[in-house]
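Enquirer: In my numbering, the protein residues as written are 3 to 158.
Here's a structure for you.
So this is what it looks like as structure tokens:
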């Protein structure tokens, strides 16, 4: 069980999403105007249960141990506190930065860096443009046995 904590802004909405899914966001779309995230989920990910979570922290320090892997019977369609992962690399993005991030991420280079840290300048330089607003963690940070799967966010 992880004791790692994420520093988040209180009362700001965040998206928890697998990096592999971020490329599915169209960069310019009228669907974002109404911010109906359940509808956006249905349109962008019609074959996936809960591809991302939207949460609003009530504390500036969030312990990853409050995210748990859940089984198929615990999945609740359209529950914005649940998300799924294929790659195990979860981005935590303020909602007002999602489109900017989706348009700027070089997914392959980012994942290569995280697997091979000899590309030492990429992540600090890339995420630096977001002034430490965008966070990331691996599902294995929650539990060494986790990779992909379905997850529930508790007590944020």
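In this text, a Cβ means the ideal position worked out from N, Cα and C, and glycines have one as well.
For the segment 5-22 against the segment 48-57, are there 3 or more C-beta pairs whose distance is under 8 Å?
Expert: Output reads yes: the segment 48-57 touches the segment 5-22.
Enquirer: Give the C-beta separation of residue 63 and residue 9 to the nearest angstrom, bearing in mind that I take them to be a contact with Cβ-Cβ under 8 Å.
Expert: 6 Å between Cβ atoms; contact.
Enquirer: If you draw a straight line from the C-alpha of residue 140 to the C-alpha of residue 91, how long is it?
Expert: The straight-line gap from Cα to Cα measures roughly 5 Å.
Enquirer: Just the C-alpha distance for residue 96 and residue 73, rounded to the nearest angstrom, thanks.
Expert: So the two alpha carbons sit approximately 27 Å from each other.
Enquirer: According to DSSP, simplified to helix, strand and coil, what is residue 64?
Expert: Residue 64: strand per DSSP, three-state reduction.
Enquirer: When the Cα of residue 135 is compared with those of 47, 154 and 102, which residue comes out closest?
Expert: It is 102.
Enquirer: Can you list, in chain order, the residues of its chain whose CB lies under 8 Å from that of residue 86, leaving out five sequence neighbours each side?
Expert: If we look at residue 86 and ignore the five residues flanking it on each side, its Cβ neighbours are 20, 50, 51, 52, 53, 150, 151, 152 and 153.
Enquirer: At the level of alpha carbons, what is the spacing between residue 122 and residue 77?
Expert: Confidence at residue 122 is low in this model, with a pLDDT of 47, below 50, so the placement of that residue is unreliable and no value is reported for it.
Enquirer: What's the C-alpha gap between residue 143 and residue 155?
Expert: Residue 143 and residue 155: Cα-Cα distance of roughly 14 Å.
Enquirer: How long is the line joining the alpha carbons of residue 94 and residue 75, rounded to whole angstroms?
Expert: Cα to Cα, residue 94 sits roughly 25 Å from residue 75.
Enquirer: Using a 10 Å radius around the Cβ and a threshold of 16 neighbouring Cβ atoms, would you call residue 40 buried or exposed?
Expert: Flag for residue 40 reads exposed.
Enquirer: If you count every other CB in all the chains shown that lies within 10 Å of the CB of residue 12, and 16 or more means buried, which is it?
Expert: Classification of residue 12: exposed, given that the 10 Å Cβ count is below 16.
Enquirer: Exposed or buried, which one is residue 79 when buried takes at least 16 other CB atoms within 10 Å?
Expert: Answer is exposed; the Cβ neighbour count stays below 16.
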